[in-house]
Each structure stands twice: as structure tokens, then as C-alpha cells.
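Colleague: Got a structure here, written out as C-alpha cells. Questions coming.
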Amino acid sequence: MFTHVMLGADDIDAAKAFYDATLAALGGPEGVVDERGRVHYTHDGGRLMITRPINGQPASCANGSTIGFHAKSPEIVDAWQAAGLAHGGTAIEDPPGIREATGGRKLYLAYLRDPAGNKICAVHPVRG
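First residue of the sequence shown: 625, per the working numbering; consecutive thereafter.
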């Protein structure tokens, strides 16, 4: 459905350090900076880009929005959160753990705000 997700950030260096660390915990590669100063991440068919807003205004997070990243295990969710906290992220909501989702599904997840305030999470579906 999606071709990409683009997030705004005023401090591209801080955003790149944060996403390089958190996405590496998920098995992703380091971001590549293009000629416009945008950072690109491509992994498992997904694409994430970080940019300064093109209108010249300060970046702002979207109230009510969350971007979720798939993790292959609960331990990877924990490693993702630790990498984010070590690189300028802020822990939000409940500590990492199992949450009930719609339809009786269970998810192991953790939430962070990136250095620009964007809300993100790492999610691992729990079997059984």
C-alpha cells in the first residue's frame, strides 16, 4: 500500500544517529544521505526517509500518529528501545511488554519519541 514514510526533523544529524541505531537493532542498514540532505533507509521492501520540512518551517510531529517497525523477537524490541534511548530518544507510554490487540492478538512492543518528537514503536506478534 505505501511507497514510503517521510518524517520531518530539524536536526538531520541527530535523526540519522537515532535511526541508524534503532534500525540497526532491527537488522536494517545505515541511512544514506542524498544530495538534498534527506536520509533514506530501505529494508525488507520498506522505505523510511527523514527530511527538513521543504516549506522552511520547523518540523513537528503529527498528533495521534505512530509509525510501527516490525521486530523478529521480544529481545529485538528491547534492543531497539535501548538503542533509541542511547541515541536521543525518549521512552513513552508503558514499559516494553505484551499488549492485547484487536481480535485477541497479543503483541510485544515498545514506544519511543525520536529526537524530533515523532512517535514510533517496535512490534513483535506473540504466538500462542
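C-beta atoms are modelled at their ideal positions from N, C-alpha and C, and glycine is treated no differently. Remember, it's a predicted structure, so these values are computed and weren't measured experimentally.
I need the boundaries of the alpha helix (DSSP H) containing residue 699, first residue and last residue.
Modeller: Where residue 699 is concerned, the enclosing alpha helix (DSSP H) stretches over 698-710.
Colleague: Which two residues bound the contiguous alpha helix (DSSP H) that contains residue 647?
Modeller: Segment 636-649, the alpha helix (DSSP H) holding residue 647.
Colleague: Strictly under 8 Å for the Cβ-Cβ distance: is residue 748 near chain B by that measure?
Modeller: The structure shown contains no chain B; it holds only a single protein chain.
Colleague: Straight-line CA distance for residue 645 to residue 711?
Modeller: Each residue's Cα considered, the two are about 7 Å apart.
Colleague: Smallest Cα separation from residue 723: which of 716, 694, 733, 652?
Modeller: Minimum Cα distance to residue 723 is reached at 733.
Colleague: If distances are taken between C-alpha atoms only, which option among 685, 731, 670 comes closest to residue 676?
Modeller: Looking at the Cα atoms, 685 is the closest of the given residues.
Colleague: Could you have a look at residue 669 and say whether DSSP puts it in helix, strand or coil?
Modeller: Coil, per DSSP.
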